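Peer 1: The listed protein sequences correspond, in order, to chains A and B.
Following my numbering, the numbering of the first sequence begins with 33 at its first residue and continues without gaps.
Following my numbering, the numbering of the second sequence begins with 50 at its first residue and continues without gaps.
Sharing a structure with you now.
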Amino acid sequence: MIKVGQLQLTFNQGTPIENHVLRGLNLNIKKGEFVTIIGSNGAGKSSLLNVISGDLIADSGHITINNKDVTRWPAWKRAGMVARVFQDPMVGTCENLTIEENLAIAYNRGNNFTLRPALNRRLRVLFKEKLATLNLGLENRLSDMMGLLSGGQRQAVSLLMSTLQPSKILLLDEHTAALDPKTAQFVLDLTNEIVQKNQLTTMMVTHSMKQALEYGTRTVMLHQGQVVLDVSGEQRDKLTVTDLLDMFEKTRGEKVTDDALLLG
Amino acid sequence: MSFEFLLGSIGIGLIYALVSLGVFISFRLLDFPDLTADASFPLGGAVCGLCMYVGIDPWIATFLGMFAGCIAGAMTGLLYVKLNILQLLSSIIVMIGLYSINLRILGIGPYIMGETPRMAGSPNLSLLDAKTIFSPFMAEDYSNQYLVQPIMILAFVVVFWLLLNLFLNTQVGLALRATGTNQRMAKSQGIPTGAITILGMAISNGLIALGGSLFVQTQGGADITIGVGTIVIGLASIIIGESIFPTKRIWAVMIAVIFGAILYRLFIAFALSNEFLQEIGVGTEDLNLITAILVVLALVLPKQLKKYSKKRGK
Chain A
33 MIKVGQLQLT
43 FNQGTPIENH
53 VLRGLNLNIK
63 KGEFVTIIGS
73 NGAGKSSLLN
83 VISGDLIADS
93 GHITINNKDV
103 TRWPAWKRAG
113 MVARVFQDPM
123 VGTCENLTIE
133 ENLAIAYNRG
143 NNFTLRPALN
153 RRLRVLFKEK
163 LATLNLGLEN
173 RLSDMMGLLS
183 GGQRQAVSLL
193 MSTLQPSKIL
203 LLDEHTAALD
213 PKTAQFVLDL
223 TNEIVQKNQL
233 TTMMVTHSMK
243 QALEYGTRTV
253 MLHQGQVVLD
263 VSGEQRDKLT
273 VTDLLDMFEK
283 TRGEKVTDDA
293 LLLG
Chain B
50 MSFEFLLGSI
60 GIGLIYALVS
70 LGVFISFRLL
80 DFPDLTADAS
90 FPLGGAVCGL
100 CMYVGIDPWI
110 ATFLGMFAGC
120 IAGAMTGLLY
130 VKLNILQLLS
140 SIIVMIGLYS
150 INLRILGIGP
160 YIMGETPRMA
170 GSPNLSLLDA
180 KTIFSPFMAE
190 DYSNQYLVQP
200 IMILAFVVVF
210 WLLLNLFLNT
220 QVGLALRATG
230 TNQRMAKSQG
240 IPTGAITILG
250 MAISNGLIAL
260 GGSLFVQTQG
270 GADITIGVGT
280 IVIGLASIII
290 GESIFPTKRI
300 WAVMIAVIFG
310 AILYRLFIAF
320 ALSNEFLQEI
330 GVGTEDLNLI
340 TAILVVLALV
350 LPKQLKKYSK
360 KRGK
């Protein structure tokens with residue numbers, strides 16, 4: 033279970049472009065929950081995920097994962113507990129490495145990297161099986177360079193990589209935003225399938241209100257670095273996109289003009 | 050160009066193949082613009098030379114030279130990783146510092162042997178009487194030198210190519226390659242990118258210093274100036290190799306780099322022995338200028354050729 037308490041984060045502190053992103057944010061996530069996170073630009077969605085993953089270190093506050101205080105841990109040290117898929121398909125995988133080499137790295141996430149050969153026959157068989165579940169024909173392209181794959185394919189492999197080792201939480205940072213609508217839907221369905229099958233505790237940032245309600249078991253809205261809405265269960269089931277939009281406008285005190293929020 | 054001269058050039062080319070593999074690790078695999086090379090090459094030579102001068106077994110001397118390079122590379126890595134100094138600047142700082150250290154190392158041999166009363170730096174160290182790793186195989190009149198040296202150096206290149214190949218396919222090796230291409234991905238997969246960078250820099254400069262160790266043994270002396278332009282030669286070899294044998298497989302890329310280094314040497318040898326060039330007064334003093342021109346050509350030509358073939362394709 034993930035506990036985030038009194039999280040404070042400021043970019044460029046003490047300069048004219050100072051930006052107070054997280055302002056005492058509190059959030060507890062139970063094991064097995066699939067939380068969708070919405071909020072306007074600059075609300076702190078990505079920052080929250082980056083602070084949990086360790087890409088950013090909070091100014092103050094605390095983060096505990098399974099009762100372990102990881103607030104000051106660097107990203108690589110948390111990797112054994114935190115799996116993630118980035119928004120940019122180019123970030124989650126290594127283009128100069130082959131598909132199987134990328135998978136081999138992910139297969140070792142959270143363990144020490146040793147002088148043992150990274151690949152062997154047993155692993156190749158396993159990777160083939162896993163890739164076959166994506167239905168993209170990648171199981172026959174193990175030794176192709178990652179850079180040869182499309183954005184959607186790379187994102188699918190990223191997802192697969194995040195499941196090769198158990199993790200306490202899976203972080204998805206608008207991981208379909210850079211894809212065309214059809215591919216985005218494919219990756220989203222795949223996400224849902226993988227999360228359900230592996231019972232993963234998940235946080236998914238999305239720009240689409242529709243997705244936020246359609247997927248997951250709980251929805252959290254951020255505004256100015258704080259949680260302003262937190263719904264789950266029956267209350268959430270009854271919620272419609274219009275309701276959510278109303279609340280969204282109320283917290284912002286202005287009308288939503290961004291079409292992506294409405295139509296996404 | 051005589052046969053002996055040709056083989057000699059290939060021998061030197063093979064030494065720079067080791068250097069180029071080192072530069073390949075820093076520049077290409079780690080994406081770390083590392084100028085330490087210009088000092089770790091003579092450092093390897095100086096340490097190896099000193100050891101041989103005081104009578105240490107030449108094989109041990111060679112590997113001590115290599116080890117000294119590892120430390121130099123690790124220093125550059127530490128400055129970057131732990132003190133957050135820019136990559137290029139870290140390497141320049143270490144390079145400048147090593148210049149003094151190299152002068153000291155070159156000067157200390159005669160003092161240890163009681164040949165000079167003062168411990169002072171020196172720009173060179175004569176190794177004409179020293180035993181090298183080549184000595185046991187050499188004829189008394191050095192008549193087979195042109196064969197023995199290239200063959201033994203080739204063995205070094207093959208062995209280190211094999212070792213690197215094995216290493217780069219281990220878990221640590223993959224971690225190193227991931228660190229160089231995509232640091233965010235590497236971190237998110239639990240790779241301690243800082244430690245890996247330091248390790249990679251140590252290996253890179255170890256190879257370069259090994260080149261220096263072998264170089265002084267073929268030259269009969271160590272000199273502070275042998276490092277000038279090492280990084281450019283290494284880069285030139287990589288670029289030549291990559292443009293002539295374009296490939297993505299790591300083992301093949303490394304072979305391309307090795308051939309690039311040999312080809313580069315042959316170009317230089319050709320340029321220096323060309324009668325026309327000699328007639329218009331080009332000599333060894335113009336080596337660095339020729340190198341600079343070669344690197345520019347190697348950088349620009351492949352792109353121009355691609356453009357040209359694209360145009361014709363349309």
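Yeah, the Cβ is synthetic: ideal placement off N, Cα and C, and Gly gets one too.
As the structure is a computational prediction, the values presented were derived from the model and not from experiment.
Are the Cβ atoms of F264/B and G290/B separated by less than 8 Å?
Peer 2: Translated into the one-based positions of the second sequence, residue 264/B becomes position 215. Translated into the one-based positions of the second sequence, residue 290/B becomes position 241. It is not a contact, given that the beta carbons lie outside the stated cut-off.
Peer 1: Against M234/B, what residues of chain A qualify as contacts under a CB-to-CB distance less than 7 Å, listed in chain order?
Peer 2: By 1-based counting over the second sequence, the position of residue 234/B is 185. Those within 7 Å of M234/B in chain A are V123, G124, T125 and C126.
Peer 1: Identify the residues that DSSP records as bridge partners of V252/A: which are they?
Peer 2: The count along the first sequence starts at 1 and reaches residue 252/A at position 220. Per DSSP, the beta-bridge partners of V252/A are I69/A and D262/A.
Peer 1: Is the shortest distance between the beta-carbon of I342/B and the beta-carbons of chain A less than 8 Å?
Peer 2: Here residue 342/B refers to the residue found at position 293 of the second sequence. I342/B does not count as touching chain A.
Peer 1: Would you list, in chain order, the members of the stretch 241–256 of chain B that have their beta-carbon closer than 7 Å to a beta-carbon of chain A?
Peer 2: P241 and T242
Peer 1: Since Q220/B meets chain A, which of its residues come closer than 9 Å, beta carbon to beta carbon?
Peer 2: Sequence index remark: in the second sequence, residue 220/B carries index 171 (1-based). Residues of chain A passing the Cβ test: A136, I137, N140, N143, N144, F145, T146, L147, R148, P149 and A150.
Peer 1: Determine whether the Cβ of G239/B lies closer than 8 Å to any Cβ atom of chain A.
Peer 2: Indexing the second sequence from 1 puts residue 239/B at position 190. Answer yes: the Cβ-Cβ gap between G239/B and chain A drops below 8 Å somewhere.
Peer 1: Could you pull the start and end residues of the alpha helix (DSSP H) that F325/B belongs to?
Peer 2: The sequence position of residue 325/B within the second sequence is 276, counting from 1. DSSP places F325/B inside the alpha helix (DSSP H), whose first and last residues are E324 to E328.
Peer 1: Are the C-beta atoms of T230/B and some chain D residue less than 8 Å apart?
Peer 2: Any reference to chain D falls outside this structure, whose protein chains are A and B.
Peer 1: For a contact meaning CB atoms closer than 8 Å, what does G112/A contact in chain B?
Peer 2: Indexing the first sequence from 1 puts residue 112/A at position 80. Under the 8 Å cutoff, chain B gives G239.
Peer 1: Comparing the C-beta of A204/B with each C-beta of chain A, is any distance below 8 Å?
Peer 2: The count along the second sequence starts at 1 and reaches residue 204/B at position 155. Answer no: the Cβ-Cβ gap between A204/B and chain A never drops below 8 Å.
Peer 1: So for L181/A, helix, strand or coil by DSSP?
Peer 2: In the first sequence, counting from the first residue as 1, residue 181/A sits at position 149. L181/A falls in the coil class under three-state DSSP.
Peer 1: When the distance is taken between beta carbons, is T219/B closer than 8 Å to L147/A?
Peer 2: Your numbering for residue 147/A matches position 115 in the first sequence. Your numbering for residue 219/B matches position 170 in the second sequence. Closer than 8 Å, so yes.
Peer 1: Please confirm whether L57/A and V273/A have their CB atoms less than 8 Å apart.
Peer 2: Sequence index remark: in the first sequence, residue 57/A carries index 25 (1-based). Sequence index remark: in the first sequence, residue 273/A carries index 241 (1-based). Not a contact, by the Cβ cut-off of 8 Å.
Peer 1: Is DSSP giving G296/A helix, strand or coil here?
Peer 2: Position 264 of the first sequence, counted from the start, is the residue given in the question as residue 296/A. With a pLDDT of 45 at G296/A, under the threshold of 50, the modelled position of that residue is not reliable, and the figure given next carries that caveat. Coil.
Peer 1: Cutting at 8 Å between CB atoms, please list the residues of its own chain near L79/B, excluding the five before and the five after it.
Peer 2: Counted from its first residue, the second sequence places residue 79/B at position 30. So the qualifying residues of the chain are L225, T228, G229, T246, G249, M250 and S253.
Peer 1: Going by DSSP, which residues form a beta bridge with A115/A?
Peer 2: Counted from its first residue, the first sequence places residue 115/A at position 83. Bridge pairing for A115/A: L202/A [DSSP].
Peer 1: Using a Cβ-Cβ distance cut-off of 8 Å, determine whether L129/A contacts chain B.
Peer 2: The sequence position of residue 129/A within the first sequence is 97, counting from 1. Closer than 8 Å to some Cβ of chain B, the Cβ of L129/A qualifies, so yes.
Peer 1: For D106/B, count neighbouring Cβ atoms within 10 angstroms of its own Cβ and tell me buried if that reaches 16, exposed if not.
Peer 2: As a position in the second sequence, residue 106/B is number 57, starting the count at 1. D106/B is exposed by the Cβ-count criterion.
Peer 1: Give a yes or no on whether the minimum CB-CB distance between M235/A and chain B is below 8 Å.
Peer 2: Start at 1 with the first residue of the first sequence, and residue 235/A comes out as number 203. M235/A does not count as touching chain B.
Peer 1: Between which two residues does the alpha helix (DSSP H) harbouring M235/A extend?
Peer 2: Here residue 235/A is taken as the residue at index 203 of the first sequence, counted from 1. From DSSP, M235/A is part of no alpha helix (DSSP H) but of the beta strand (DSSP E) over T234 to V237.
Peer 1: Nearest chain B C-beta to R297/A closer than 8 Å, yes or no?
Peer 2: Because chain A is modelled from 33 through 296, residue 297/A falls outside the range shown and cannot be assessed.
Peer 1: Report the rounded CA-to-CA distance for T296/B versus G269/B, giving the unit in angstroms.
Peer 2: Position 247 of the second sequence, counting from 1, holds the residue named residue 296/B. Position 220 of the second sequence, counting from 1, holds the residue named residue 269/B. Near 38 Å, if we compare the C-alpha coordinates of G269/B and T296/B.
Peer 1: Strictly by DSSP, which residues pair up with A271/B?
Peer 2: Indexing the second sequence from 1 puts residue 271/B at position 222. Partner(s): L174/B.
Peer 1: Contact criterion: CB-CB distance below 8 Å. Does E133/A meet it with respect to chain B?
Peer 2: For the purposes of this step, residue 133/A is taken as residue 101 along the first sequence, with counting starting at 1. It does: the Cβ of E133/A has a partner Cβ on chain B nearer than 8 Å.
Peer 1: Could you list the residues in the stretch 292–321 of chain B with a C-beta less than 7 Å from some C-beta on chain A, going in chain order?
Peer 2: K297
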